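Just so we're aligned: the sequence shown equals residues 1082 to 1398 in this note's numbering. The C-beta atom is built at its ideal place from N, Cα and C for all residues, glycine as well. For clarity, every value in this text was computed on a predicted model and none was experimentally measured.
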Amino acid sequence: MLHVDQILAVTSVAPATLAAGGEAAPPPFTVSRVLTETRLDSWLTLGLVLAAGLYLYGVHRLRLRGDRWPVVRTVSFLGPGLGGIALVTLTGLGAYDTTLLSVHMVQHMVLSMIAPIFLALGAPVTLALRTLPLRPRKRLLAIVHSRLARIYSFPLVAFTIFVVNPFALYFTDLYEFTLRHGWAHELVHAHFIATGCVFFWPLLGLDPLPGRWPYPARALLMVLSVPFHTVLGLTIMQSTTLFGGDWYPSLDLSWSDPWEDQVVAGGVLWAGGEFVSVTMLAVLVVQWIKQSEREARRLDRELDRQEARQRAAEASA
């Protein structure tokens, strides 16, 4: 079995070396390699384990004092949230992210759209506020309500960053630079996660963020984001220029054609973006309906209390 570190060693070699035959080309990308090849020696592994441990410790603290924390939040944060990040970075997908543009696009979708949504639904800030001591809790609140947080969490600002970033990455020389420098490629992964969190946290998240828009405005912004991935995906599919410059052709892969793989990558971005956007719009509508029902029940209780006070006053009179 070829381990992922061997794959990474091959794919991290300069393209000219591969083209010249100095190193063997990486083996064909298959589903079995995604499921069997893992990489647990990176800084990202430590970060994911630390985040999961802190979250579970917070849930444990709540249960010790008799408080309840919804299981669905824990599952969302640990499963599709942190688990989604691990799936596309620590498995065979991560080993081929600089070899196939289509694999990189799958990473793009998960890191910027899927994982941040479930991280937001896990409400980690709320969990921290309920478990931290007084002084750290005040510091966290100061960060959440700081001017910088207000600016970046403002929906229009977050939407602009979310839309502009992929075009700035793929339609400039920046993407080729990230392919040739491992640290830059890792930085792009972190940037995808941060961008997705900044966009989806104010829209779908459950944490107390400043300046949160009402549900109708959030739904409208979500609708506006739907055609974004369609335009980007179709543009990539119809492009007459290879993304990454001569990086992919220089790999000289006998089992993959860079032009065909780029068409697949655009299709992944198009179809995946449409599916996720429409699904999240449905989730937002469900949240809107539940919030309206809670407000209606609150008003009913308030009216009942007013009627009870009025009857009591009439009886005493």
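Under the three-state DSSP convention, the category Y1177 falls into: coil
Contacts around G1103, its chain only, beta-carbon distance under 6 Å, and the 5 residues preceding and following it disregarded: Note that G1103 scores 38 on pLDDT, short of 50, meaning its location in the model is unreliable and no value can be drawn from it.
Closest residue to R1293 among S1358, S1234 and V1206 (Cα-Cα distance): S1234
Beta-carbon separation (whole angstroms), W1340 vs E1257, contact threshold 8 Å: About 16 Å; that fails the 8 Å criterion.
N-terminal and C-terminal residue of the alpha helix (DSSP H) that I1317 is part of: Y1296 to Q1319
Buried or exposed (CB count within 10 angstroms, at least 16 for buried), I1166: buried
Contacting residues, own chain, Cβ-Cβ under 8 Å from V1304 (five flanking each side not counted): L1362
Start-to-end residues for the alpha helix (DSSP H) that takes in S1358: P1339 to S1397
Whole runs of the alpha helix (DSSP H) within the region 1233 to 1300, excluding any shorter than 4 residues: 1236 to 1251, 1255 to 1261 and 1263 to 1285
Cβ-Cβ distance between V1364 and L1285 below 8 Å: yes
Start and end residues, alpha helix (DSSP H) containing F1199: A1196 to L1202
Inter-stretch contact (C-beta, 8 Å, three-pair minimum) for the region 1151 to 1168 and the region 1313 to 1332: no
L1121 in three-state terms, based on DSSP: coil
Simplified DSSP state of P1151, which is helix, strand or coil: coil
H1189 (DSSP reduced to helix, strand or coil): helix
Among A1249, P1236, A1196 and R1154, nearest to Y1296 - alpha-carbon criterion: P1236
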